[in-house]
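Structure first, commentary second.
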Amino acid sequence: MSTSAPFIELAGVHKEFGNFTALADCNLSIRRGEFVTLLGPSGCGKTTTLRMIAGFVRPTRGTIRVGGEILSSPTAHVPPEGRGMGMVFQSYAVWPHMTVRQNVALPLKLRKIARPDIDRRVDEVLHLCRLDGLGDRDPHQLSGGQLQRVALARALVYRPSVVLLDEPLSNLDVALREELRHELASLHRAIGATFILVTHDQVEAMSLSDRVVVMKEGRIEQIGPPEEIYRNPKTDFVAQFVGAANLVKGKVSSVRREPAGKSCEVRVGGVVFPAVRGWDGAAEGDTVTLAMHPESIRLQPIGPGEPGMGYQGFVRGSYFLGRTQEILVELDGMELRVMQVRSRHFEIGERVGVTIANENVIPLVHGA
Amino acid sequence: MISLSASSKLPVSQPKAGRFNAALIVIAVIVFGFVGYPIVAGLAIFDFGALGRLFSAQNIDPLINSIVLAALAVIPATAIGVPLAWMVARTDLPGRNLVGLLVSVSFVVPNLLTSIAYIFLFGKNAGVVNAWLFPILGGPLYDIYSFSGVVFLSAVHAYPLIFFTTLSGLARMNPELEEAGRICGLSPLAIFFRITLGAILPSVMAGIAFAIAETLTMLAGPLLLGLPVGIRFMTTELYSTIVMNPNLSAAISLSLPLVTLTVFMLWVQARILGGTGSSRFAILAGKGARSETIALGPLRTPALVLAWIPIVLSLVLPVATLLLGALMKQWWRGVEWDNMTLSNFAYLIDDPSTYDAIRNSLILAVGIGGVMALLGGVLAIVLAGEQTSLKHAVRQLTELPLGIPHVVAGVLIILAWYGHPFHLGGSLLILALGYVLVTLPYALKTCEAARGQIDSALGEAAQMVGCSPVQSWRYVVLPLMKNGLLTTFIIVFLFVIKEFSLTALVYSSDTTTLPVRVFTFLEGGSYEKTAAASIVLLVLTLGGLLVAGKLFRINVANIKV
Ligand SMILES: Nc1ncnc2c1ncn2[C@@H]1O[C@H](COP(=O)(O)OP(=O)(O)O)[C@@H](O)[C@H]1O
Ligand SMILES: [Mg+2]
């Protein structure tokens, strides 16, 4: 499906509004057919990036190429209508004075396609987006999820090679969001276009994307496949935003050489992490931040009078979340957030044994 | 299933920005011609010497009279408009929707007609009421030809303005503010005085400022009720200067205080409204539930009386008077069977100058309505988007006429178009140019409001699927603005149909309009025919309103002309 040559290429793309930098020197290559997600908190510049690709916003500096053709550069600018991309807007932007069919047919009408072909292709895409039988409805007669599908159908009907989606699911309620997430994934598989999705929801990003671009304050923090972003976050921000990880600061107390690289012993207060791997520039005495995902920490109840295993902590908070339980544990001055499948209820004040497998401790290196 | 193909891309010619700028420049030139040129023409002949004479002892009277008139008229207007708005918006006043509607309708009744109706009723000697009571009282009950008469008519015209602004203030007010008061145990009246009034004060003040500006610039009341008994106002001074012994230079100098006062009041209004965001009067836009209606309880009957008095005085009584007058052979004989006739209307049909006046009015109202809807729509589209200094200048120019009273606009129009080099005097076109001048800001405002309600993403979505800017207007923006354009048409139509202040200065014997014909009937002393012509004008005005409301489903309360 995807070849390795870049299809969409942002080179040094920079955008300033007045003297506010919305996107700082962004470099990004996207392969044909790839599903890429821009993930980050509100205000980090995702929409601005997407709208520069769409052609609504002109970069202050830098070049945007698609299929080798320059679309935006300091000297040239192809307007949105000349880019042939599809876009789903956050507010859906379904034209309220047209029926569903008219909404979806307009792009084809503009392309001077013959009436019977238009009808056929509209039916085809309405079916694809599960809107059969709704063609003659007015937009105000549709639910949020259906409007969303109309916006999608309208963006796909002219078979664009690039589809841009700006928070397409965030105006929907939870159940619908999940349903449409699955539909989006299968649509991408079915039509093979390049999808660029903007979202602040890491579940959406993780479950849909071939690669995730994590952004913060107008900068790209990390680019990679979802699993890599999750397992090997490069910065505190990525670890916290993507994996909701616990971060603790410690000191390297000793370094061992192993065939696969270095293994460090890291001390955080009185707690020792004996074998932290994945940091090859480590030296004794270095400061390091360790990231631990809440679900990779294990808690064992300790009966009264029992000595317990591993380190001992106290339960400081306990929250029922349905399938899982969130527990705040104090461990030698550290406060750790733990997620456990509900097997047993932990009570506030209870003593618990805390264990973390070595491979679940991720070193985050500063200034590297 | 759907394969990639080259069909997704449209051939697109490179940036259309050039063409767009050209459109903007054309619009700028048009707006300058309509607005800038008459103002420049006025400024060009401004005479500071004449300005000095203005403040001499004998000339200062009109200025003082106008200011006192405005100050006095807003007092009853506020005292009626504010509680009325509150009762309509918040209480269980029976028939409150009807009351609200009738206030809107009463505002559409031309001031000229209200003044005429009250002349019929309370003219010193010939007014029916005075005539009937003469044997008992030995004198008139009340003389409408007086300063207080002008104040009364101004108040009748002004109270709906304060009603509207108060109503919009109430609509924007977070109802939870009032509910918080109820939880604390305040009575409905205490809530009104202690909470609501404070929260809507800026809206009320803005309404008062606007009402003052309106009263200062009104011609009909002062001309019909003041001038005959020698009470002069700024507007009647201008009228006399143009109509009795034309002196444009003196008229321009006379205009200055009127323009200054108007601009000042509008500035005050904008200041109050613009500042509400951060001032201590901030009306927080809450998403709270619509507030529950407050039960009036035992206050219901007094409230009903209070609500209907202004409607009777401003609408029911004048309309009934004109209608009866139009159906009588001799209006002073009163309602007697053998005094009733349709001959007045028959006369109008046969009277060529009335026919011409009606035709002129309709041509102008429909024509200017259409032109302004088009111009306003184009302006709203062209001025949207990224603001450049040219767009800013065009907008400023478009809004300038807000500060120009109609009588002054009349003077400017005569200066600009009447004589050399355009020689439009005596043609309908010169009236049309005047109406364009004064309605331009309203047309832009209405169309921009319509434009503003269209989510920018709708236009962008059109571009995204391949629409050029022109196509995205055609397929998306213009259809969505349709209602706004219709509203503009109706607003301008109503405005032109009833316009009197400007027309009275500019019209010639070949270009009378219906309001002018009503006025000349009155001057000629044929009261029954005046009444009949008034009824025709009323039917056209209210008919326009009805069409707007029923056919186009335009919210009539939004139409304030
Ligand atoms: N047209 C604009 N003018 C000024 N600032 C803007 C404009 N568009 C976006 N910004 C600013 O740029 C930043 C990034 O915005 P955006 O791309 O919309 O963020 P996101 O989509 O990630 O929430 C925000 O701080 C926003 O206020
Ligand atoms: Mg955004």
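Sequence order for the protein chains is A and B.
The first sequence runs 1371 to 1738 under our numbering.
The second sequence runs 1224 to 1784 under our numbering.
The beta-carbon is built from N, C-alpha and C at its ideal position, and this holds for glycine as well.
With a cutoff of 7 Å, A/Glu1587 does not count as near ligand 2, since its C-beta is closer than that to no heavy atom of the ligand. CA-to-CA, the gap between B/Pro1411 and B/Arg1313 works out to about 10 Å. In the three-state scheme derived from DSSP, where H, G and I count as helix and E and B as strand, B/His1615 is classed as helix. The region 1413–1424 of chain B makes no contact with the region 1599–1617 of chain B; the number of CB pairs closer than 8 Å stays below 3. In terms of CA proximity to B/Gly1600, B/Phe1712 leads the group B/Ser1612, B/Ser1476, B/Phe1712.
Rounded to whole angstroms, A/Ile1400 and A/Leu1498 show a C-alpha spacing of 25 Å. In the same chain as B/Ala1526, and ignoring 5 residues on each side of it, the C-beta atoms closer than 8 Å to its own belong to Met1310, Thr1314, Leu1316, Leu1519, in chain order. Identification of chain B residues near A/Ala1475 by a Cβ-Cβ cut-off of 9 Å yields none; the smallest Cβ-Cβ distance measures about 10 Å. B/Thr1459 has its alpha-carbon roughly 22 Å from the corresponding atom of B/Leu1489. Between A/Ser1461 and the set A/Leu1522, A/Ser1443, A/Pro1530, A/Ala1645, the nearest pair of CA atoms involves A/Leu1522. Each residue's CA atom was taken as its position, placing B/Thr1389 and B/Val1258 some 32 Å apart. When DSSP reads this structure, A/Leu1408 sits in a beta bridge with A/Val1568, A/Val1583. Secondary structure at B/Thr1314: strand, using DSSP grouped into helix, strand and coil.
DSSP places B/Leu1647 outside both helix and strand once states are collapsed to three, so it counts as coil.
Chain-order list of chain A residues neighbouring B/Gln1676: empty, with the shortest C-beta distance near 11 Å, by a criterion of under 7 Å. Distances from the CB of A/Val1406 to the heavy atoms of ligand 2 are all 7 Å or more. Sequence-distant partners of A/Lys1604 (beyond 5 residues in either direction) whose C-beta falls short of 8 Å from its own C-beta, in its chain, are Glu1591, Gln1592, Leu1734.
Contact annotation: B/Val1486 and B/Ile1385 have beta-carbon atoms that are not nearer than 8 Å. Distances from the alpha-carbon of A/Val1641 to those of A/Val1492, A/Pro1530, A/Val1724 put A/Val1724 closest. At a Cβ-Cβ threshold of 8 Å, A/His1663 and A/Gly1620 do not count as neighbours. A/Ala1645 carries a strand assignment under DSSP once its states are collapsed to helix, strand and coil. Relative to ligand 1, even the nearest heavy atom lies 7 Å or more away from the CB of B/Thr1736. Annotation for B/Ser1584: the continuous alpha helix (DSSP H) segment containing it runs 1575–1605. Residue contact check for B/Pro1664 against chain A: no CB pair falls below 8 Å. With respect to chain B, the C-beta atom of A/Phe1690 has no partner C-beta closer than 8 Å. Taking a contact as a CB-CB distance under 8 Å, the pair A/Pro1530 and A/Leu1517 does not count as one, their CB atoms being some 20 Å apart. Contact between A/Pro1477 and B/Gly1682 does not hold, since the beta-carbon distance rounds to 15 Å and is not under 8 Å.
If you check the C-beta of A/Lys1416 against ligand 2, you find a heavy atom less than 7 Å away. Excluding sequence positions up to five before and after A/Lys1416, its CB lies within less than 7 Å of the CB of Leu1408, Gly1410, Val1568, Met1585, all in the same chain and listed in chain order. Around the beta carbon of B/Ala1473, 16 or more other beta carbons lie within 10 angstroms, which makes this residue buried. In its chain, beyond the 5 residues on either side, Ile1414, Ile1418, Thr1419, Ser1514 have a beta carbon closer than 7 Å to the beta carbon of B/Glu1401.
DSSP, read as helix, strand or coil, puts B/Thr1464 in helix. Relative to the non-hydrogen atoms of ligand 2, the Cβ of B/Asp1678 never comes closer than 7 Å to any of them. Against chain A, the CB of B/Gly1600 has no partner CB under 8 Å away; the residue lies outside that interface. Against chain B, a Cβ distance below 9 Å from A/Trp1649 picks out nothing, because the smallest value is about 44 Å. Within the region 1451–1508 of chain A, the complete alpha helix (DSSP H) runs of at least 4 residues fall at 1470–1480, 1485–1498.
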